[in-house]
Ligand SMILES: [Zn+2]
């Protein structure tokens, strides 16, 4: 099964969901990512969120009439512009512009998605400028591209640029890690947590495995018995994770676990407010560590905060 975009791009989906909740959606976006299928998935996800009839904290339900028809490219207020040709010329852009100038048929707003925006010719890109800047109605434009250097600067200055996290596992890096004994699953975790070569170069596969297990255990404790998680920091974790590079990996993996928890909460509509507070405390704890509060004290702060959250609910 295809991995959901909320899992592949947790930061961007969280960010976009928040702009929808806060009603701060921009006129135009450029989504840039090396993996075209993920960029398309993210574009689709965002458009669904804009029109969803059963929105949950800014996340589309993917089940309602609008969500389903948008996925099938069968929703009149969304126009998906793409071409199999080498370029996307004025002739293709003009009718789309005309259509977008009409008011929405089934909703108060409309959306235009331009897939492979790097195929826009100078003339067609220029014809879009006015539209991006001064939309006649309630139109959101989403440009999708694999490379932003191909996009005209005049366009770049008018859109909000969202860069997709590169979680496509580099083949050479993967082979290297496999040789060192990392399992495929661990390599995927490393990629998703954005842990690059430098960070893992000094960590043997067995050490990583131990670190991961220790972390998962502590993360579970945080949610179930935060007092115990607090005790474990001094009793165990601080002794085993005593080097700065290891600690950095710890924070990256922990961030990955928290964003997974947040996405899950948003999708299942369970304990969303609680999870959001937990993520905020996590970010605070990480900031403490970065500004030289000890690893031990930063984790203890997080455990105490989790205890407070759980007591409130
Ligand atoms: Zn929906």
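Residue numbers (our numbering): 767 to 1079.
Built from N, CA and C at the ideal position, the CB exists for glycine as well.
Item, Value
"Alpha carbon to alpha carbon, what distance is there between residue 807 and residue 833?", "13 Å"
"Would you mind sorting residue 916 into buried or exposed? The rule is 16 or more other CB atoms within 10 Å of its CB.", "exposed"
"For residue 785, I'd like the list of residues in its chain whose CB is within less than 7 Å of its CB, leaving aside the five on either flank, ordered along the chain.", "791"
"Pull up the distance between the alpha-carbon of residue 800 and that of residue 910, whole angstroms please.", "11 Å"
"Between which two residues does the beta strand (DSSP E) holding residue 917 run?", "Run containing residue 917: none; DSSP gives neither H nor E here."
"Are there any heavy atoms of ligand 1 lying less than 6 Å away from the beta-carbon of residue 833, as far as the coordinates show?", "yes"
"In three-state DSSP terms, what is residue 767?", "Residue placement at residue 767 cannot be trusted, given a pLDDT of 39 that sits under 50; what the coordinates show is reported in the next sentence. If DSSP states are grouped into helix, strand and coil, residue 767 belongs with coil."
"Tell me which same chain residues have a C-beta within less than 8 Å of the C-beta of residue 877, skipping the five on either side of it?", "813, 816, 817, 843, 844, 845, 905, 906, 907, 908"
"For the beta strand (DSSP E) containing residue 877, list its first residue and its last residue.", "876-880"
"Kindly identify the DSSP beta-bridge partner or partners of residue 847.", "880"
"Kindly confirm or deny that the stretch 847-860 and the stretch 822-830 touch, where touching means at least three C-beta pairs closer than 8 Å.", "no"
"Quick check on this structure: which residue in 990, 985, 950, 988 has the alpha carbon closest to the alpha carbon of residue 971?", "950"
"Can you list, in chain order, the residues of its chain with a C-beta nearer than 6 Å to that of residue 870? Leave out the 5 residues immediately preceding and following it.", "843, 876"
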